[in-house]
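Structure first, then comments.
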Amino acid sequence: MTKHRIELPTCAKAYLRTTTRYGAERVVLLFHRWLLRVERAISAVTGSDLAGFLASPAGRPIRQLTRNGYRYEVRLYLRWLEARGLAGPFEAQELDGYRRQPLPAEVRRFLLFLAPTHRRATVQHYRFTLRRFHHWLGERGLSIERADRP
Numbered sequence: 212m213t214k215h216r217i218e219l220p221t222c223a224k225a226y227l228r229t230t231t232r233y234g235a236e237r238v239v240l241l242f243h244r245w246l247l248r249v250e251r252a253i254s255a256v257t258g259s260d261l262a263g264f265l266a267s268p269a270g271r272p273i274r275q276l277t278r279n280g281y282r283y284e285v286r287l288y289l290r291w292l293e294a295r296g297l298a299g300p301f302e303a304q305e306l307d308g309y310r311r312q313p314l315p316a317e318v319r320r321f322l323l324f325l326a327p328t329h330r331r332a333t334v335q336h337y338r339f340t341l342r343r344f345h346h347w348l349g350e351r352g353l354s355i356e357r358a359d360r361p
């Protein structure tokens, strides 16, 4: 009897023995289940297949933060396979990940100002909220100087 509902290929088992990251096993397992569902061999995977997997890894959509985590894990796995000649080769941009926009300098200074007197989780919450706020401003073509209450 296997630990999983499907028999993972030898390469996946070898990869999981080399990694200690939390969640890697779940993502690799979901990826191989997805490969079975779409009837694709690991050696035939392309960078565009990554988008298909991330759209619904378990047959249903997932949230953005979960998708970003899965993208990171699958990219590491595919690069590991590529280095051993088991998948790929992949172009540099094929496995590009999600890139956050850098926070403005004044926001980074504000967070540094908060750090000594606030808990780490509080500073992270401020960072998250300010990042979303600046993203919202950018979508509307506004600068922080032009923002008002309405």
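One point on numbering: in our numbering, the residue at position 10 of the sequence shown is 221, and numbering is uninterrupted.
All C-beta atoms, glycine included, are put in the ideal place defined by N, C-alpha and C.
Straight-line gap, Ala235 to His243 (C-alpha atoms, nearest Å): 12 Å
Evaluate Trp347 with the Cβ neighbour count: other Cβ atoms within 10 Å of its Cβ, from every protein chain shown; 16 or more gives buried, anything less gives exposed. exposed
When you compare only the Cα positions, how much space is there between Ala225 and Leu246? 18 Å
What did DSSP end up calling Ile253 once you bin it into helix, strand or coil? helix
8 Å CB neighbourhood of Arg248 in its chain, flanking five on each side removed: Gly270
Outcome for Thr213 when other beta-carbon atoms lying within 10 angstroms are tallied against a minimum of 16: Residue placement at Thr213 is flagged as unreliable, the pLDDT there being 48, under the threshold of 50; a coordinate-derived value is accordingly withheld.
I'd like the list of long-range same chain contacts for Val285, defined as Cβ closer than 7 Å, with 5 residues on each side in sequence excluded. Val238, Phe242, Leu261 and Phe264
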